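Here's the structure, in structure tokens; my notes come after.
There are 2 protein chains.
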Amino acid sequence: MRPSKRDELVREALKVFYQGGFHATGMDALVVATGISKTTMFKHFSSKEELILAVLRLRDENFRNWIIRRTSELGRTPREQLLALFDVLAEWFAEPDFRGCMFIKASAEYQEPDHPVHVQSAEHKRLLFNYVRSLAIAAGALKPDSIARQLLLLKEGAIVAKHMGYEDDPASDAKSAARILLSQAFGPQAAAA
Amino acid sequence: MRPSKRDELVREALKVFYQGGFHATGMDALVVATGISKTTMFKHFSSKEELILAVLRLRDENFRNWIIRRTSELGRTPREQLLALFDVLAEWFAEPDFRGCMFIKASAEYQEPDHPVHVQSAEHKRLLFNYVRSLAIAAGALKPDSIARQLLLLKEGAIVAKHMGYEDDPASDAKSAARILLSQAFGPQAAAA
DNA sequence: ATTTATATGAACCGATCAGTTCATTTATTC
DNA sequence: GAATAAATGAACTGATCGGTTCATATAAAT
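For the record, the sequence lines run as chains A and B.
Going by the numbering used here, the first sequence opens with residue 212, and the numbers climb by one from there.
Going by the numbering used here, the second sequence opens with residue 212, and the numbers climb by one from there.
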């Protein structure tokens with residue numbers, strides 16, 4: 212079995228759902244957008260929800276790998292990488308097709324706390340937290356969990372602000388706030404990054 | 212004209228949309244939930260979208276007034292009120308029916324930047340920013356716009372984290388971060404709040 | 001009591017929803 | 001070239017979507 216059609220469907224559905232939303236995008240719209248027949252779609256996925264879950268899995272993989280790769284490229288030390296998170300954010304915001312965080316939007320459309328889509332969206336945030344915490348630990352932060360949570364609050368806030376469009380450069384605001392928080396996270400006497 | 216039915220509809224629709232989402236809540240569901248006939252609904256609002264806009268106007272009024280009142284009650288000085296923002300946030304999160312920010316969710320479902328629902332949701336955030344900035348100015352912050360934006364990034368991030376359920380007490384994390392940012396916002400020599 | 005405005009129920013509209021059925025076609029593989 | 005598997009198009013299901021029509025009923029105001 213060459214799963215190319217299935218993968219192609221998930222890849223294209225990711226784009227369409229990301230731009231158009233989940234409820235607002237019907238399966239027939241996916242047929243038009245992908246050129247894949249509805250029969251084939253429902254042979255690979257027994258429901259729209261399962262397709263959405265597959266899309267979210269791919270998004271998590273792509274997005275998290277990209278974050279890890281770019282922070283590694285932009286920062287030499289773990290502490291620099293923590294700060295570089297917000298430069299990566301700025302790169303993302305600058306993409307012409309930027310439409311906010313797919314997981315925030317997914318959990319906004321599927322609100323019930325134990326809905327599979329909601330649960331899986333939260334899992335992405337936990338995995339990202341694990342990465343940021345590992346950087347904080349490697350950097351020698353006094354309270355790595357705490358600083359990781361705080362930095363990620365800034366990140367989520369910036370994503371929301373950018374997506375809603377009421378702020379011009381939230382990544383820059385988040386970065387300057389992060390710099391202050393980081394300067395406190397290694398003890399009062401620690402040197403700057 | 213006694214506009215009681217219209218107001219009653221908007222008040223009830225606010226609850227149902229907030230709990231169930233916009234696309235996922237049909238007009239017939241509102242008929243069941245409110246007991247108001249569909250004929251009457253479309254006599255007051257020419258479309259579902261207009262009803263949603265009226266709901267968002269009410270939400271903005273209620274929510275912003277509540278924030279202003281509670282911060283005033285919890286903090287004596289403007290600077291205390293800036294910090295109290297995050298105690299108000301914690302109160303909100305503790306409400307049993309908490310379901311995140313209605314405006315974040317609305318702009319997640321209506322993504323096009325110039326869609327009326329998206330535009331009006333962003334306007335709510337701007338109005339809230341104006342209030343926080345006025346507190347920062349009254350408190351004598353060096354860069355009131357900057358600190359207001361930073362504090363609001365923490366607020367939005369905390370709302371998202373709480374709604375998605377991947378963090379237990381994001382309001383507390385946001386508050387401790389806010390304390391650090393505030394301590395820098397009045398100059399290196401300024402006393403703590 | 002009569003006018004005027006507001007609200008009602010229920011049937012109805014065409015469009016779209018997620019999902020199914022089925023006969024046919026296109027590739028792979030041996 | 002026969003067998004096997006994957007994909008197709010198109011029609012179809014029943015439910016629901018936002019929104020309309022219309023005749024009736026319920027008020028309040030004069």
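The C-beta atom is built at its ideal place from N, Cα and C for all residues, glycine as well.
As the structure is a computational prediction, the values presented were derived from the model and not from experiment.
Exposed unless 16 or more other CB atoms sit within 10 angstroms - verdict on residue i
i: residue 270 (chain B); result: buried
i: residue 245 (chain A); result: buried
i: residue 344 (chain B); result: buried
i: residue 353 (chain A); result: exposed
i: residue 237 (chain A); result: exposed
i: residue 306 (chain B); result: exposed
i: residue 336 (chain A); result: buried
i: residue 261 (chain B); result: exposed
i: residue 378 (chain A); result: buried
N- and C-terminal bounds of the alpha helix (DSSP H) containing residue i
i: residue 255 (chain B); result: 249-255
i: residue 380 (chain B); result: Element bounds for residue 380 (chain B): n/a, residue is neither H nor E.
i: residue 258 (chain A); result: No alpha helix (DSSP H) holds residue 258 (chain A); DSSP gives it neither H nor E.
i: residue 333 (chain A); result: 327-350
i: residue 292 (chain B); result: 289-305
i: residue 228 (chain A); result: 215-231
i: residue 316 (chain B); result: 313-320
i: residue 241 (chain A); result: 238-245
8 Å Cβ cutoff met for residue i and residue j
i: residue 158 (chain A); j: residue 340 (chain A); result: The structure shown does not extend to residue 158 (chain A), since chain A is modelled only from 212 through 404, so no value can be given for it.
i: residue 299 (chain B); j: residue 315 (chain B); result: no
i: residue 249 (chain A); j: residue 242 (chain A); result: yes
i: residue 296 (chain B); j: residue 373 (chain B); result: no
i: residue 308 (chain B); j: residue 230 (chain B); result: yes
i: residue 333 (chain A); j: residue 376 (chain B); result: yes
i: residue 221 (chain B); j: residue 240 (chain B); result: no
i: residue 391 (chain B); j: residue 393 (chain A); result: no
i: residue 338 (chain B); j: residue 280 (chain B); result: no
i: residue 266 (chain A); j: residue 224 (chain A); result: yes
i: residue 322 (chain B); j: residue 310 (chain A); result: yes
Same chain, Cβ closer than 6 Å to residue i, five either side skipped, listed in chain order
i: residue 349 (chain A); result: 289
i: residue 385 (chain A); result: 297, 365, 369
i: residue 286 (chain B); result: 292, 295
i: residue 382 (chain A); result: 297, 300, 301, 304, 369
Cut-off 8 Å between Cβ atoms - residues of its own chain near residue i, not counting five sequence neighbours on either side
i: residue 264 (chain B); result: 327, 328, 331
i: residue 219 (chain A); result: 245, 247
i: residue 216 (chain A); result: 247, 251, 255
Same chain only: Cβ atoms within 7 Å of residue i, ignoring 5 sequence neighbours per side
i: residue 355 (chain A); result: 344, 347, 348
i: residue 233 (chain A); result: 263, 317, 320
i: residue 283 (chain A); result: 292
i: residue 388 (chain B); result: 365
Distance cut-off 7 Å: residue i Cβ against heavy atoms of the ligand ATP
i: residue 279 (chain A); result: Inclusion of the ligand ATP in the displayed structure is not the case, the ligand content being empty and no account of it being possible.
In the stretch 327-342 of chain B, which residues sit with their C-beta less than 7 Å from some C-beta in chain A, listed in chain order?
Here the close residues are 332, 333, 336, 337.
Identify each residue in the stretch 354-367 of chain B for which the Cβ-Cβ distance to at least one residue of chain A is less than 8 Å, and report them in chain order.
357, 360, 361, 363, 364, 365, 366, 367
Output needed in chain order: residues of the stretch 301-326 of chain B with a Cβ under 9 Å from some Cβ in chain A.
310, 311, 312, 314, 315, 316, 317, 318, 319, 320, 321, 322, 324
When you check each C-beta in the stretch 243-256 of chain A against every C-beta of chain B, which residues fall closer than 7 Å?
Here the close residues number zero.
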